[in-house]
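Novice:
In our numbering, the protein residues as written are 15 to 371.
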């Protein structure tokens with residue numbers, strides 16, 4: 015029996031117990047019965063596909079709920095100020111809160127127009143946040159700043175400087191420094207008298223901005239300097255904003271001292287107070303920052319000395335813009351009979367002659 019089963023297994027597996035087929039010994043028996051492995055007598059019923067329920071494809075969205083893929087939905091609107099009606103595909107004035115009217119390119123609806131939000135600007139047709147990487151309508155990348163960090167303020171490149179420094183061109187420098195009034199004004203100094211600096215006419219670091227093109231100083235307005243403002247290679251009328259005080263006085267431009275008033279001298283093309291006699295014209299001396307004549311001392315007692323071209327005659331002093339006679343306060347020497355000597359200082363020995371009441 016064991017050999018019989020082995021033969022059956024070899025029959026199904028394709029093996030042979032003998033080297034030659036002729037050596038196979040067949041045993042009597044019912045081969046069909048022996049080979050019956052319990053297969054079902056009748057085929058298994060398969061489900062009839064005709065009895066299966068119909069399964070239609072899922073319904074597509076209602077065409078009425080989809081945007082019309084034409085008009086502004088495809089091509090946009092001719093102007094950025096208009097909104098696109100996604101239902102009709104037509105461009106219209108926007109309405110705040112209307113979900114069918116869409117402003118494009120990061121714009122928002124304000125008073126019926128699509129505009130850039132506050133703090134952003136239009137750059138290559140798209141509203142982007144104002145930054146040093148995209149500054150102003152030109153989308154300028156602000157240059158690096160020495161001793162500071164580049165910024166974009168009011169659509170113009172600027173910088174946040176380190177402590178106690180102010181911006182000059184593309185460099186943060188020390189503010190409040192004194193520039194020689196006869197030195198070239200190369201962009202580090204203001205063209206204005208500072209009221210918040212250490213001293214009058216002390217020129218502080220400035221924020222220069224370029225204006226119209228110029229060939230010479232005569233092409234510029236008073237308070238502007240015809241100079242090269244980096245990185246532009248051409249000369250422009252450069253105006254300056256004080257880094258020291260907001261209240262400023264514009265300095266008059268001059269060619270000679272004759273162009274200046276109030277005893278100011280002409281230095282570096284601008285009128286300002288003198289610091290030494292050489293700042294003044296010939297036959298003038300620098301007295302208290304004002305150039306006054308030395309040899310034109312011809313004004314008489316009672317005459318006005320407000321003008322700086324002339325001075326009071328010897329023995330007189332200019333007091334409150336009027337020439338008055340000097341006197342000895344202890345005995346009134348130097349005054350007329352109807353005058354008395356009023357001391358210039360308390361317990362002083364020198365005074366001026368005043369008329370008696």
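Glycine included, C-beta positions come from ideal geometry on N, C-alpha and C.
Whole angstroms is fine: what's the gap from residue 358's alpha carbon to residue 347's?
Specialist: Using only the alpha carbons, I get a separation of about 15 Å.
Novice: So for residue 145, helix, strand or coil by DSSP?
Specialist: Here residue 145 sits in strand by DSSP.
Novice: On the CB-based measure, 16 or more other CB atoms within 10 Å of its CB, does residue 144 come out buried or exposed?
Specialist: Label assigned to residue 144: buried.
Novice: Where does residue 314 sit, in a helix, a strand or coil, going by DSSP?
Specialist: Three-state DSSP puts residue 314 in coil, outside helix and strand.
Novice: Given residue 104, which residues of its chain have a CB within under 7 Å of its CB, disregarding the five upstream and five downstream residues?
Specialist: Answer for residue 104: 85, 86, listed in chain order.
Novice: Counting only C-beta atoms, is residue 133 closer than 8 Å to chain B at any point?
Specialist: Considering every chain present, this structure includes no chain B. It has just one protein chain.
Novice: May I ask you to report which of helix, strand or coil DSSP gives residue 275?
Specialist: It is coil, neither helix nor strand.
Novice: Which word fits residue 138, buried or exposed, when buried means at least 16 other C-beta atoms lie within 10 angstroms of its C-beta?
Specialist: The residue is exposed, with fewer than 16 neighbouring Cβ atoms inside 10 Å.
Novice: Please name the residue or residues paired with residue 174 in a DSSP beta bridge.
Specialist: Partner(s): 163.
Novice: What residues in its chain sit with their C-beta under 7 Å from that of residue 278, if we drop five residues either side in the sequence?
Specialist: Only 285, 286, 287 meet the Cβ criterion.
Novice: Give me the DSSP bridge partner(s) of residue 368.
Specialist: DSSP, once it has assigned bridges, lists 354 as partnering residue 368.
Novice: First and last residue of the alpha helix (DSSP H) that includes residue 98?
Specialist: Where residue 98 is concerned, there is no enclosing alpha helix (DSSP H), although the beta strand (DSSP E) it sits in stretches over 97-99.
Novice: Roughly how many angstroms separate the alpha carbons of residue 385 and residue 134, rounded to a whole number?
Specialist: With the chain running from 15 to 371 in the structure shown, residue 385 is simply not present.
Novice: In the DSSP output, what is residue 336 paired with across the bridge?
Specialist: The partner list for residue 336 (beta bridge, DSSP) reads 318, 333.
Novice: Looking only at C-alpha atoms, which of 331, 186, 165 sits nearest to residue 148?
Specialist: It is 165.
Novice: Determine the DSSP secondary structure at residue 280, reduced to helix, strand or coil.
Specialist: Looking at residue 280 - three-state DSSP - the assignment turns out to be strand.
Novice: One question on the structure: do residue 280 and residue 292 come within less than 8 Å of each other, judged by their Cβ atoms?
Specialist: Not closer than 8 Å, so no.
Novice: Does residue 226 pass the burial test, meaning 16 or more other C-beta atoms within 10 Å, or should it be called exposed?
Specialist: Flag for residue 226 reads exposed.
Novice: Quick one, which of 368, 344, 337, 338 has its alpha-carbon nearest residue 351's?
Specialist: Checking every option, the nearest Cα to that of residue 351 belongs to 368.
Novice: Where do the N-terminal and C-terminal ends of the beta strand (DSSP E) with residue 94 fall, by residue?
Specialist: Looking at the DSSP string, residue 94 is not in any beta strand (DSSP E), and its letter there is neither H nor E.
Novice: With DSSP as the reference, label residue 87 as helix, strand or coil.
Specialist: Note: residue 87 maps to helix in three-state DSSP.
Novice: For residue 151, which option in 159, 167, 158, 163 has the closest C-alpha, if you only look at C-alpha atoms?
Specialist: Closest option to residue 151, Cα to Cα, is 167.
Novice: By how many angstroms is the C-alpha of residue 98 removed from the C-alpha of residue 91?
Specialist: Residue 91 and residue 98: Cα-Cα distance of roughly 7 Å.
Novice: Do you know how far the Cα of residue 100 is from the Cα of residue 169?
Specialist: Distance between the alpha carbons of residue 169 and residue 100 is about 33 Å.
Novice: Grab me the residues of residue 234's own chain with a C-beta within less than 6 Å of its C-beta, minus the 5 sequence neighbours each way, in chain order.
Specialist: If we look at residue 234 and ignore the five residues flanking it on each side, its Cβ neighbours are 228, 240, 251.
Novice: Since residue 162 contacts residue 175 with CB under 8 Å, what's their CB separation in whole angstroms?
Specialist: Contact flag correct, Cβ pair sits at about 4 Å.
Novice: With a threshold of 16 other CB atoms inside 10 Å of the CB of residue 309, please say whether the residue is buried or exposed.
Specialist: Reliability of the predicted coordinates at residue 309 is poor, the pLDDT of 48 falling under 50, and the value obtained from them is presented with this limitation in mind. It counts as exposed.
Novice: I need the straight-line Cα distance from residue 300 to residue 290, nearest angstrom please.
Specialist: Computed Cα separation, rounded: 5 Å.
Novice: Using the DSSP secondary-structure output, state which residues sit across from residue 13 in a beta bridge.
Specialist: Here the chain comprises residues numbered 15 to 371, so residue 13 is not present and cannot be evaluated.
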